[in-house]
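*Asks:* Heads up: take any position in the sequence shown, counting from 1, add 17, and you land on my numbering. Quick reminder that beta carbons are idealized off the backbone N, C-alpha and C, glycines included.
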Amino acid sequence: MRILSGIQPSGILHIGNYFGMLRPAIALQAEGEAFYFVADYHALTSLKDPAALRENTRRVALDFLACGLDPERVTLFRQSDVPQVTELAWILSTVAPMGLLERATSYKDKIARGLSASAGLFGYPVLMAADILIYDSDLVPVGKDQKQHIEITRDLALKMNEKFGDILRLPEPRIQSATETVPGVDGQKMSKSYGNTIDIFGDEKETRKRVMGIVTDSSPVEASKDPNSSTIFQLYSLVASNDEAAAMREAFQRGGSGYGDFKKQLFAKLWDYFEAMRQRREEILRNNSYVEDVLTQGAKKANAVANRVMARVRTAVGL
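1) Report all residues from its chain with a CB closer than 8 Å to the CB of Arg329; omit the five preceding and five following residues, and keep chain order.
2) Would the segment 205 to 216 count as touching the segment 137 to 151 if we require 3 or more Cβ pairs under 8 Å?
3) Counting Cβ pairs closer than 8 Å, one from the segment 69 to 79 and one from the segment 306 to 314, do we hit at least three?
4) Within the chosen definition, does the segment 54 to 69 reach the segment 23 to 33 through at least 3 CB pairs nearer than 8 Å?
5) Using a Cβ-Cβ cut-off of 8 Å (strictly less than) and excluding sequence neighbours within five positions of Gly160, which residues of its own chain qualify?
6) Please name the residue in Lys222, Lys206, Ser274 whose C-alpha comes closest to that of Trp288.
7) Indicate whether the contact test is met: 3 or more Cβ pairs, each with one atom in the segment 275 to 285 and one in the segment 62 to 75, closer than 8 Å.
8) Tell me which residue opens and which closes the beta strand (DSSP E) that Arg19 is part of.
9) Considering only DSSP beta bridges, list what Lys206 is partnered with.
10) Below 8 Å, how does it come out for the segment 229 to 249 and the segment 310 to 327: are there three or more Cβ pairs, yes or no?
11) Determine the burial state of Ser342: buried for a count of at least 16 other Cβ atoms within 10 Å of its Cβ, exposed for fewer.
12) Mind reading off the beta-carbon distance from Ile20 to Leu86? Whole number of angstroms is fine, and I expect it under 8 Å.
13) Determine whether the beta carbon atoms of Thr92 and Lys318 lie at a separation below 7 Å.
14) Using a Cβ-Cβ cutoff of less than 8 Å, which residues in the same chain neighbour Met18 once the five nearest sequence positions on both sides are dropped?
15) Looking at the unbroken beta strand (DSSP E) that takes in Leu156, where does it start and where does it end?
16) Residues in the same chain with beta-carbon distance under 7 Å from Ile6, minus the five sequence neighbours each way, listed in chain order, please.
17) Can you give me the C-alpha to C-alpha distance between Arg303 and Ala293, rounded to a whole angstrom?
18) What is the DSSP secondary structure of Glu104, reduced to helix, strand or coil?
19) Out of Gln96, Val102, Pro190, Lys180, which has the shortest C-alpha to C-alpha gap to Leu45?
20) Which partner residues does Val330 have in the DSSP bridge list?
21) Kindly list the residues whose CB is nearer than 6 Å to the CB of Ala134, restricted to its own chain and excluding five residues on each side of it in sequence; keep chain order.
22) I need the DSSP call for Leu93, collapsed to helix, strand or coil.
23) Grouping DSSP H, G and I as helix and E and B as strand, with all else coil, what is Val112?
24) Grouping DSSP H, G and I as helix and E and B as strand, with all else coil, what is Phe54?
25) Does the beta-carbon distance from Met207 to Gly33 come in below 7 Å?
26) Verify whether the separation of the beta carbon atoms of Ser97 and Val143 is less than 7 Å.
27) Going by C-alpha to C-alpha distance, which of Asp148, Pro158, Tyr152, Ile169 sits closest to Glu119?
28) Since Val102 and Met177 are thought to touch, with beta carbons under 8 Å apart, how far apart are those beta carbons, to the nearest angstrom?
29) In the DSSP assignment, find the unbroken beta strand (DSSP E) run with Pro190 in it and report its ends.
30) Figure out for me which residue from Thr122, Glu179, Pro158 has the closest Cα to the Cα of Gln165.
31) When we look at the beta-carbon of Val256 and count the other beta-carbons within 10 Å, is it buried (16 or more) or exposed?
32) With DSSP collapsed to three states, give me the class of Asp289.
33) With DSSP as the reference, please indicate the residues paired to His31 in a beta bridge.
The structure is reproduced here in structure tokens:
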């Protein structure tokens, strides 16, 4: 089973990225042949600073490795190191109905948040489909908000197969329902575009500040509080044991503790949870060539697969 996933280098990775994508992807590396890429082509729709794009791309790879990705079992590479994906995206675009792309909710959401309505943003699902199909992917782990992109990918693959023969493999999504939405410090979905994130590898002072700034209601200390509607409790549940989460739930409902106390518990647990990963990250940084070596080797493996798929596609369409 080949597993495919990607992450955009549009900014510093936060704990929403970790629980929503990195941790599930790292767990899946034991289930099959995993291909994970840093989506620098996709990032061009929102990031126009070339130096920042290069640095962010390297940093995403570094953080992925620090969080537990094993390059002996996983093919990790830059999206742009396999330029054939853009050729496949063009070929897919020739069978992609405009109505299908116009119904893409992510495009509408991004426009609503102020991104420029570029052709690249509109065609984002086609490039994502090419990312998946060019590696003969079987399984694509995604959040619920990305499920539509997998449906579009399958639609485009079916159209290609109907016109040109059985040339593209149909992928299946795996929805990470338990952690599909990680709340940010303001209670919305944690997102760089909302400015409400807690970084995975932020320094201690800044991380504490972010945690202590979590928005809460005005319940007095002595009052019972609802853990189910609390960002503090939702984040604590991600990093605490079941017994620890149950104890905090009980303390919320009992009353007598303020939100400030709960925030301090959350910070301590968060800081401890990522301690081993911070140490691993420091070890990697001491080897200046390690990250680039991993990406170079990953690109070689990814290109080998992409070349085989593209040879099949070119022959089928008449190129």
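*Replies:* So, from the listed chains and residues:
1) Cβ neighbours of Arg329 beyond the five flanking positions: Ile184.
2) A contact is defined here as three or more CB-CB pairs under 8 Å, and the segment 205 to 216 fails this definition with respect to the segment 137 to 151.
3) Contact annotation: the segment 69 to 79 touches the segment 306 to 314, with at least three C-beta pairs closer than 8 Å.
4) Short answer: they touch.
5) These residues qualify, in order along the chain: Gly37, Met38, Ile192, Gln193, Glu197, Thr198.
6) The residue with the shortest Cα to Cα distance from Trp288 is Lys222.
7) Proximity of the segment 275 to 285 to the segment 62 to 75 falls short of the contact definition, fewer than three beta-carbon pairs being nearer than 8 Å.
8) Start and end: 19 to 24.
9) Partner(s): Pro200.
10) Output reads no: the segment 310 to 327 does not touch the segment 229 to 249.
11) Outside the shown range of the chain, which is 18 to 336, sits residue 342, and nothing can be said about it.
12) Not quite, the Cβ-Cβ distance comes to about 12 Å (not below 8 Å), so this is no contact.
13) For Thr92 and Lys318, yes; Cβs fall inside 7 Å.
14) Residues Glu48, Gly49, Glu50, Asp155, Leu156 of the same chain have their beta carbon placed closer than 8 Å to that of Met18, with the five preceding and five following residues left out of the count.
15) Start and end: 156 to 159.
16) Because residue 6 is not part of the residues shown, which for the chain are 18 to 336, the question remains open.
17) Rounded to whole angstroms, the separation of the alpha carbons of Ala293 and Arg303 is 16 Å.
18) Judged by DSSP in its simplified three-state form, Glu104 adopts helix.
19) The option with the nearest alpha carbon to Leu45 is Pro190.
20) Looking at the DSSP assignment, Val330 forms no beta bridge with any residue, so it has no partner.
21) Excluding residues within five positions, the ones whose Cβ falls inside 6 Å are Ile128.
22) In the structure shown, Leu93 sits in a strand (DSSP, three-state: E or B).
23) Looking at Val112 - three-state DSSP - the assignment turns out to be coil, as it is neither helix nor strand.
24) If DSSP states are grouped into helix, strand and coil, Phe54 belongs with the strands.
25) For Met207 and Gly33, yes; Cβs fall inside 7 Å.
26) Ser97 is not a Cβ neighbour of Val143, given a cutoff of 7 Å.
27) Of the candidates Asp148, Pro158, Tyr152, Ile169, the one whose C-alpha sits nearest the C-alpha of Glu119 is Ile169.
28) Cβ atoms of Val102 and Met177 stay farther apart than 8 Å, at about 15 Å.
29) Residues 189 to 192.
30) Ranking the options by Cα distance to Gln165, first place goes to Thr122.
31) By the neighbour-count criterion, in which a residue is buried when 16 or more other Cβ atoms sit within 10 angstroms of its Cβ, Val256 is buried.
32) Note: Asp289 maps to helix in three-state DSSP.
33) Paired residue(s): Asp216.
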